[in-house]
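Notes for the one structure printed next.
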Amino acid sequence: MKAVQVERVEASNTTANPAVNKGVSILDFILRIVAVIGTLASAIAMGTTNETLPFFTQFIQFRAQYSDLPSFTFFVIANSIVSVYLILSLFLSIYHIVRSESRVSRIALVFFDSASMALLTAGASAAAAIVYLAHKGNVRANWFAICQQFNTFCERISGALIGSFIAIVVFILLISMSAVAISRR
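Numbered per full-length UniProt numbering, the sequence shown spans residues 1 to 185.
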C-alpha cells in the first residue's frame, strides 16, 4: 500500500516539474538581461569617467580619469568580460526555456556563473576600496578625499559600483535558482 502511494507522489512531482522548470528558465533569462544591463552600464560608466579641474590658470589643470588607478581599470575589464559572458549565456538560457529538462548545460552554467561572479566581486571590491578613499580619504597615509573637488567623477564611479553590485546580487539569485532546478530532478 505504501509503495503505491509513494509511486503516485513521485508521478505527481514529475508532472509539475516541466512547468516549474520552464518558469525558472524564463526568470533565469530575465535576470541575465538585468545582469547584462548592470555590468555593461558599469563598464561604460567607469570607462568614460574623467574630469578636469583648472588650478589657478587654464594652463595648469588637475585631471581625474579611471585609467589613473589600476583598480578602476581592473573593474572595467572584469565588468566587460562578465558582460560578454552574460550575452553569450543568453543563448543557453533560451535553450533552457525550450528544453527545460536539460541538466548538463545547467551544471555548466552554474560553474561559469560562479566563476563570473567571483571575477565581478573581485573587480567591484577593488574599486569599492578606492571609491571609499576618494570619498573619505586617509589622513594617516596622506591620501586626501578628492570627491569635494571632483564631484562628477565621484558620482559616476559610485554609480558604476552600484550597477556592479546589483549584478552580483543577480548572480547569487541565478546560481541559487540553477542549483534548485538541478536538484529538483
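Just so it is clear, CB atoms sit at the ideal spot from N, CA and C, and this is done for glycine as well. None of these values were measured; they are calculated from a predicted model.
Contact between Ala43 and Asn79 is confirmed by a C-beta separation of about 4 Å, below the 8 Å threshold. Membership of Cys147 in any alpha helix (DSSP H) is not indicated, and neither H nor E is assigned to it by DSSP. Contact between the region 120–129 and the region 142–151 is absent, with fewer than three C-beta pairs closer than 8 Å. Under the 10 Å beta carbon count, Gly38 is surrounded by 16 or more other beta carbons and is classified as buried. For Phe75, the CB contacts under 6 Å within the same chain, skipping 5 residues up- and downstream, are Met46, Gly123 and Ala127 in chain order. For the options Ser83, Tyr85 and Arg103, the alpha carbon positioned closest to that of Arg184 is the one of Arg103.
The Cβ atoms of Leu31 and Val180 do not sit closer than 8 Å to each other. The UniProt domain "Casparian strip membrane protein" (22–170) contains, as complete beta strand (DSSP E) runs of 3+ residues, the segments 50–55 and 57–65 (chain order). Distance from the CA of Gly163 to the CA of Phe144, rounded to the nearest whole angstrom, comes to 26 Å. Shown here for Leu92: same chain residues with a beta carbon closer than 7 Å to its own, the five before and five after excluded, namely Ser105 and Leu109 in chain order. Beyond the five residues adjoining it in sequence on each side, Ala134 comes within less than 6 Å, by CB distance, of Ile146, Cys147 and Cys154 in the same chain, given in chain order.
Cβ contact annotation for Ala35 (same chain, cutoff 7 Å, sequence separation greater than five): Leu86, Ala167, Val170 and Phe171, in chain order. Between Phe29 and Ile130 the beta-carbon gap is near 34 Å, outside 8 Å, which marks them as no contact. Cβ-Cβ separation between Leu174 and Asp113: approximately 5 Å, consistent with a contact (criterion under 8 Å). The residue among Met177, Ile107, Ser176 and Phe72 with its C-alpha nearest the C-alpha of Ser125 is Phe72. Between Ser25 and Ser100, the C-beta spacing is below 8 Å. Distance check between Phe111 and each of Tyr132, Tyr95, Ile94 and Ser89 places Ser89 closest, using alpha-carbon atoms only. The beta carbons of Val82 and Ser116 sit closer together than 8 Å.
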